[in-house]
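Counting in this note's numbering, the first sequence runs from 10 upward without gaps. Idealized CB from N, CA, C, for every residue including glycine. Small disclaimer: the values here were computed from a predicted structure and weren't measured. Reading through the structure tokens given below for one structure.
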Amino acid sequence: MIKITLPDGSIREYPVGTTALNIALSISEGLARNVLAAKVNNEVWDAQRPISNDSTLQLLTWNDTEGKATYWHSSAHLMAEALESIYPGIKFGIGPALENGFYYDVDLGERTISTEDFKQVEDKILELAKKKSQYIRKEVSKQEAIKYFTDKKDEYKLELIEGLEDGKITFYTQGDFIDLCKGPHLPDTNNIKAVKLLNIAGAYWRGDEKNKQLTRIYAITFPKQKDLTDYLTLLEEAKKRDHRKLGKELELFMFSEMVGGGLPLWLPKGNILRERLIAFMKKLLVENEYQLVTSPHIGNSILYKTSGHYEKYGKDSFQPIHTPNEAEEFLLKPMNCPHHIEIYKFKPHSYKELPIRYAEFGTVYRYEQSGELHGLTRVRGFTQDDAHIFCTQEQVTEEFMKLIDLVLKVFKALGFNDYTAQISLRDPNNKTKYIGSDEGWNKAEKAIIDAAAAKGLKTVTELGEAAFYGPKLDFMVKDALGRKWQLGTIQVDYVLPENFSLEYIGADNQKHRPVMIHRAPFGSLERFIAVLIEHCAGEFPLWLSPEQVAVLPISEKYHTYAEQVFKKLQSVNIIGNLDDRDEKIGRKIRDAEVKKIPFMIIVGEKEQEENTISLRRHGKGDIGSMSITQFITLVETEIKSELEKK
RNA sequence: GCCGUUGUAGCUCAGUGGUAGAGCACUUCCUUGGUAAGGAAGAGGUCGAGAGUCCGAUUCUCUUCAACGGCUCCA
Numbered sequence: 010m011i012k013i014t015l016p017d018g019s020i021r022e023y024p025v026g027t028t029a030l031n032i033a034l035s036i037s038e039g040l041a042r043n044v045l046a047a048k049v050n051n052e053v054w055d056a057q058r059p060i061s062n063d064s065t066l067q068l069l070t071w072n073d074t075e076g077k078a079t080y081w082h083s084s085a086h087l088m089a090e091a092l093e094s095i096y097p098g099i100k101f102g103i104g105p106a107l108e109n110g111f112y113y114d115v116d117l118g119e120r121t122i123s124t125e126d127f128k129q130v131e132d133k134i135l136e137l138a139k140k141k142s143q144y145i146r147k148e149v150s151k152q153e154a155i156k157y158f159t160d161k162k163d164e165y166k167l168e169l170i171e172g173l174e175d176g177k178i179t180f181y182t183q184g185d186f187i188d189l190c191k192g193p194h195l196p197d198t199n200n201i202k203a204v205k206l207l208n209i210a211g212a213y214w215r216g217d218e219k220n221k222q223l224t225r226i227y228a229i230t231f232p233k234q235k236d237l238t239d240y241l242t243l244l245e246e247a248k249k250r251d252h253r254k255l256g257k258e259l260e261l262f263m264f265s266e267m268v269g270g271g272l273p274l275w276l277p278k279g280n281i282l283r284e285r286l287i288a289f290m291k292k293l294l295v296e297n298e299y300q301l302v303t304s305p306h307i308g309n310s311i312l313y314k315t316s317g318h319y320e321k322y323g324k325d326s327f328q329p330i331h332t333p334n335e336a337e338e339f340l341l342k343p344m345n346c347p348h349h350i351e352i353y354k355f356k357p358h359s360y361k362e363l364p365i366r367y368a369e370f371g372t373v374y375r376y377e378q379s380g381e382l383h384g385l386t387r388v389r390g391f392t393q394d395d396a397h398i399f400c401t402q403e404q405v406t407e408e409f410m411k412l413i414d415l416v417l418k419v420f421k422a423l424g425f426n427d428y429t430a431q432i433s434l435r436d437p438n439n440k441t442k443y444i445g446s447d448e449g450w451n452k453a454e455k456a457i458i459d460a461a462a463a464k465g466l467k468t469v470t471e472l473g474e475a476a477f478y479g480p481k482l483d484f485m486v487k488d489a490l491g492r493k494w495q496l497g498t499i500q501v502d503y504v505l506p507e508n509f510s511l512e513y514i515g516a517d518n519q520k521h522r523p524v525m526i527h528r529a530p531f532g533s534l535e536r537f538i539a540v541l542i543e544h545c546a547g548e549f550p551l552w553l554s555p556e557q558v559a560v561l562p563i564s565e566k567y568h569t570y571a572e573q574v575f576k577k578l579q580s581v582n583i584i585g586n587l588d589d590r591d592e593k594i595g596r597k598i599r600d601a602e603v604k605k606i607p608f609m610i611i612v613g614e615k616e617q618e619e620n621t622i623s624l625r626r627h628g629k630g631d632i633g634s635m636s637i638t639q640f641i642t643l644v645e646t647e648i649k650s651e652l653e654k655k
């Protein structure tokens, strides 16, 4: 007998060679039906794999990330089986699970697959799933593995096998399909009840453009038909919220071929969003003892050669600008930091002045590859809510804690309540990618970890994700649809102060090197607004709304009164429009609703006589009548509560 | 940058080897209407750009640009 420790700490005894599935069955039949895989001694295993030693065991179901991953990975195998039966001789690359669904890279040879073929593949997958084929794990020698795939003429799998250690190679078989795979897999295919092929895309074998391009087929499966329907509804909803679509519909921003791809033009309404976000941030900056500075859009290349960016990114940037006579070289500003460094160097600094915090809404330009441009989230010119903090080593952790507070305050005011922080550290196996001393890096990494811990942040740590000049703390928010976005960032930098020989005079009357912190709570205004649009589906918080109110006169007779109301609102900075078109009220209301204007004020005979307004709320309908003053108070109260959310 | 798809009116889209159509928006007129589309008429397009095939190209071919879906990249 062996001892199995369950997550609740209880220990049960089972015969040697029992499986997670059997153990689940011993607890309850329902549980056994839902088991997709199991964590045995913290390693994800097949639920049907024999356990021969004392172990800890956690059963994994659809509610566990690893359970889902196993489910989708097994689904990828099933899709491969379906594809192989439809397209005999097809070759397979890799077929991993994703956060939502899975894909398989295939080499179809001369054939092609298109969305019209999806139905056939989906039907085949369901047909195979119904056979309830078991996923059978088999350990094979490297020689056997090579022989199998040589016979099958699958050079991709052979290449994968080459990189594997003999004795650690396993095959999984379900139905007629055998795949090289380390697993784990579902007990059988019967769990896969609903499938949808999502799209096809080209993908280079092993992500290298020198290699052959394979066809990547994305799909998703579910244990219940309803889950699939829900997922497809979610995709629809995401489409409706797409900031590119809403940006056009709500007249927030545009792109022009004449101006160039990735260079957004802000329309008047979108610009109000920008201005309000900037005003909001400036207020926070003043409260947090930042000083605003301004730097030009181009800088001498010496600046970026000194910073190290030129060497690292110069060849991928926009081409330098050359002067006609003096043979000088300028770069479009790709970041603000070197400029702020020069501002720091304007005069010597005492330790008593530190930390010095220079902030700027600086527009920077980066050459993004044409295929990478995407709405406002990936552009070639964007405005950072940038600041650089110059402080002593001792001040780093405290500054970091203040910055975490600042970022969180911003998130709360904008309704991003679900966030995590990612600590990005060096890849310990590839230190050459980074510049700066080991000592500096170690200190910086520790400062971030300490500050995040002191603030009780929910964090994940990623090795190898640091910037080349220093580690960073990035904030990921989850939007209303549960999608993750990276927004704010805080980065420590020991390299630039070194490259620019920054100094301050310490209490000991000696020169010391300050530490620099880069930070941007929004990240970039463009990206932030894109995420915000999708998060709130274009229904902005009242304080940000570019059109807070629409004043709708019932007919021409009440235009004068409507105008009085409108002017009164304008005088207290409540913005919007006066709809004096020759249309019926129903039409005016509809148009205001479609534009997602938070408040509609309807004025006619009754209102004019009583000197009141009739109020309607977007999405909610008629609220009733009140005085203008009451309405103004209502708006001001709501804005105040939005901005002061804790 | 690479692969694939797409490009027709301001927007959303239909359509064709014989120089184009709908709905909405727009303009004018009628209507002065009380909580999600009142009615009529009108105007609007080198069919993304360039080249080729053809008697003739928006339609077929090539090139190019842009957008979209991916890949690679991201200070």
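Problem set entry | Local Cβ density within 10 Å of Met263, reported as buried at 16 or more and exposed below that | Locating residue 263 in the first sequence gives position 254, where the first residue counts as 1. Exposed is the label assigned to Met263, since fewer than 16 other Cβ atoms lie within 10 Å of its Cβ.
Exercise. Near Met410, what residues of its chain come up, given a Cβ to Cβ distance below 7 Å and the 5 sequence neighbours on each side ignored?
Worked result: Your numbering for residue 410 matches position 401 in the first sequence. Only residues of its own chain outside the window of five on either side were considered, and among them Ala460, Ala463 and Lys464 have a CB closer than 7 Å to the CB of Met410, listed in chain order.
Exercise. Does the beta-carbon of Thr441 have 16 or more other beta-carbons within 10 angstroms, so that it is buried, or is it exposed?
Worked result: Residue mapping note: residue 441 aligns to position 432 of the first sequence, counting from 1. That one is exposed.
Exercise. What are the partner residues of Leu189, as DSSP defines its beta bridges?
Worked result: Position 180 of the first sequence holds residue 189. In DSSP, Leu189 forms a bridge with Phe180.
For this session: Kindly indicate which residue of Lys166, Leu206, Leu340 and Lys356 has the alpha-carbon position closest to the one of Lys128.
Result: Counting from 1 along the first sequence, the entry for residue 128 is found at position 119. Nearest of Lys166, Leu206, Leu340 and Lys356 to Lys128, Cα basis: Leu206.
Exercise. Which whole runs of the beta strand (DSSP E) in the segment 271-349 are 3 residues long or more, in chain order?
Worked result: Here the runs fully enclosed are 307-309 and 338-341.
Exercise. Span of the beta strand (DSSP E) holding Lys147?
Worked result: One-based indexing of the first sequence puts residue 147 at position 138. Per DSSP, the continuous beta strand (DSSP E) segment holding Lys147 begins and ends at Ile145 to Val149.
Exercise. What residue range is occupied by the uninterrupted beta strand (DSSP E) comprising Val268?
Worked result: Counting from 1 along the first sequence, the entry for residue 268 is found at position 259. Here Val268 belongs to no beta strand (DSSP E), and DSSP marks it neither H nor E.
For this session: May I have the straight-line CA-CA distance separating Arg283 from Leu534, to the nearest angstrom?
Result: By one-based count along the first sequence, residue 283 stands at place 274. By one-based count along the first sequence, residue 534 stands at place 525. In a straight line, the C-alpha of Arg283 is about 7 Å away from that of Leu534.
Problem set entry | Three-way DSSP call (helix, strand, coil) for Lys576 in this model | The count along the first sequence starts at 1 and reaches residue 576 at position 567. Three-state result, Lys576: helix.
For this session: Output the distance between the C-alpha atoms of Ile637 and Glu474, rounded to the nearest integer angstrom.
Result: Numbered from its first residue, the first sequence carries residue 637 at position 628. Numbered from its first residue, the first sequence carries residue 474 at position 465. So the alpha carbons of these two residues sit roughly 54 Å apart.
For this session: Grab me the residues of Lys219's own chain with a C-beta within less than 7 Å of its C-beta, minus the 5 sequence neighbours each way, in chain order.
Result: The residue given as residue 219 occupies position 210 in the first sequence. Excluding sequence positions up to five before and after Lys219, its CB lies less than 7 Å from no other CB in the same chain.
Exercise. Roughly how many angstroms lie between the CA atoms of Tyr112 and Val486, to the nearest whole one?
Worked result: As a position in the first sequence, residue 112 is number 103, starting the count at 1. As a position in the first sequence, residue 486 is number 477, starting the count at 1. One alpha carbon belongs to Tyr112, the other to Val486, and they sit about 26 Å apart.
Problem set entry | Residue burial classification, Val295 (beta-carbon count within 10 angstroms, cutoff 16) | Here the question's residue 295 lines up with position 286 in the first sequence. An exposed status is given to Val295, since fewer than 16 other beta-carbon atoms sit within 10 Å of its beta-carbon.
Problem set entry | 4 or more residues per run - each alpha helix (DSSP H) lying fully within the segment 469-535 | Within the segment 469-535, the complete alpha helix (DSSP H) segments at least 4 residues long are 504-508, listed from N- to C-terminus.
Problem set entry | Selection from Lys147, Asp163 and Tyr165 that minimises the alpha carbon distance to Lys177 | Residue 177 sits at position 168 when you count from the first residue of the first sequence. Among Lys147, Asp163 and Tyr165, the Cα nearest to that of Lys177 belongs to Lys147.
Exercise. What separation, rounded to the nearest whole angstrom, lies between the Cα atoms of Ala138 and Ser83?
Worked result: For the purposes of this step, residue 138 is taken as the residue at position 129 of the first sequence. For the purposes of this step, residue 83 is taken as the residue at position 74 of the first sequence. Cα to Cα, the separation comes out at about 11 Å.
Exercise. Given 8 Å as the limit, is there contact between the segment 581-589 and the segment 552-564, that is, 3 or more CB pairs closer than that?
Worked result: Between the segment 581-589 and the segment 552-564, the count of C-beta pairs closer than 8 Å reaches three or more; the two stretches touch.
Problem set entry | As assigned by DSSP and simplified to three states, the class of Trp54 | As a position in the first sequence, residue 54 is number 45, starting the count at 1. DSSP places Trp54 in strand when its eight states are reduced to three.
For this session: Write down every uninterrupted run of the beta strand (DSSP E) in the segment 538-615 whose length is 3 residues or greater and which is fully enclosed by it, in chain order.
Result: Restricting attention to beta strand (DSSP E) runs no shorter than 3 residues, the segment 538-615 encloses them at 558-562, 585-587 and 608-612, ordered along the chain.
For this session: Could you tell me whether the segment 178-190 touches the segment 86-96, using the rule of 3 or more Cβ pairs below 8 Å?
Result: Yes, the segment 178-190 is in contact with the segment 86-96.
Problem set entry | Separation of Leu541 from Val612, as counted between CA atoms | Start at 1 with the first residue of the first sequence, and residue 612 comes out as number 603. Start at 1 with the first residue of the first sequence, and residue 541 comes out as number 532. Distance between the alpha carbons of Val612 and Leu541: 32 Å.
Exercise. For Tyr313, which residues from the same chain have a beta carbon less than 8 Å from its beta carbon, with the 5 sequence-adjacent residues on both sides left out?
Worked result: Looking up residue 313 in the first sequence gives position 304. The beta carbon of Tyr313 sits closer than 8 Å to the beta carbons of Tyr319, Gly323, Leu340, Pro343 and Pro347 from its chain, once the five residues preceding and following it are set aside; these are given in chain order.
Exercise. Going by other Cβ atoms of all chains shown within 10 Å of its Cβ, with 16 needed for buried, is Leu274 buried or exposed?
Worked result: Along the first sequence, read from residue 1 onward, the residue named residue 274 stands at position 265. Leu274 comes out exposed.
Problem set entry | Simplified DSSP assignment, three categories, for Asp459 | Here residue 459 refers to the residue found at position 450 when the first sequence is read from its first residue. Helix at Asp459.
Exercise. Whose CA, out of Gly380, Glu645 and Lys605, lies closest to the CA of Leu261?
Worked result: On the first sequence, residue 261 is found 252 positions in, with the first residue counted as 1. Out of Gly380, Glu645 and Lys605, Lys605 has the C-alpha closest to the C-alpha of Leu261.
For this session: Check the C-beta distance from Leu45 over to Tyr23 and give it rounded, since I have them as a contact under 8 Å.
Result: In the first sequence, the residue the question calls residue 45 occupies position 36. In the first sequence, the residue the question calls residue 23 occupies position 14. That belief does not hold up - the Cβ atoms of Leu45 and Tyr23 are roughly 20 Å apart, past 8 Å.
For this session: May I ask you to verify whether the segment 114-121 touches the segment 208-228, counting CB pairs closer than 8 Å and requiring at least 3?
Result: Enough Cβ pairs lie closer than 8 Å, so yes.
Exercise. Taking one C-beta from the segment 505-516 and one from the segment 366-375 each time, how about it: are there three or more such pairs within less than 8 Å?
Worked result: Contact between the segment 505-516 and the segment 366-375 is absent: fewer than three C-beta pairs spanning the two stretches fall below 8 Å.
Exercise. Which residues in the same chain as Glu471 place their Cβ atom closer than 8 Å to its Cβ, once the five residues preceding and following it in sequence are excluded?
Worked result: Residue mapping note: residue 471 aligns to position 462 of the first sequence, counting from 1. Here the set comprises Gln431, Ile432, Ser433 and Leu434.
Exercise. Which whole-angstrom value describes the C-beta separation of Gly384 and Arg253, a residue pair presumed to lie in contact below a C-beta threshold of 8 Å?
Worked result: Here residue 384 refers to the residue found at position 375 of the first sequence. Here residue 253 refers to the residue found at position 244 of the first sequence. That belief holds up - the Cβ atoms of Gly384 and Arg253 are roughly 4 Å apart, short of 8 Å.
For this session: Taking the CB atoms as reference points, tell me whether Thr27 and Ala56 lie closer together than 8 Å.
Result: On the first sequence, position 18 is the one that residue 27 refers to. On the first sequence, position 47 is the one that residue 56 refers to. No. Outside cutoff.
For this session: Please go through the same chain and pick out, in chain order, the residues whose beta-carbon is closer than 8 Å to the beta-carbon of Pro232, but skip the five residues on each side of it.
Result: On the first sequence, position 223 is the one that residue 232 refers to. Within the same chain, Pro232 has close Cβ partners Trp71, Tyr80, Asn200, Ile201, Lys202 and Ala203.
Exercise. With a Cβ-Cβ cutoff of 8 Å, do Asp73 and Lys12 count as a contact?
Worked result: By one-based count along the first sequence, residue 73 stands at place 64. By one-based count along the first sequence, residue 12 stands at place 3. Contact flag unset, no.
For this session: Mind listing, in chain order, the continuous beta strand (DSSP E) runs of no fewer than 3 residues lying wholly within the segment 187-264?
Result: Runs of the beta strand (DSSP E) inside the segment 187-264: 203-213 and 222-231.
Exercise. Apart from the five residues on each side of it in sequence, which residues of its chain come closer than 8 Å, Cβ to Cβ, to Ile145?
Worked result: Residue mapping note: residue 145 aligns to position 136 of the first sequence, counting from 1. Only Tyr181, Thr182 and Gln183 meet the Cβ criterion.
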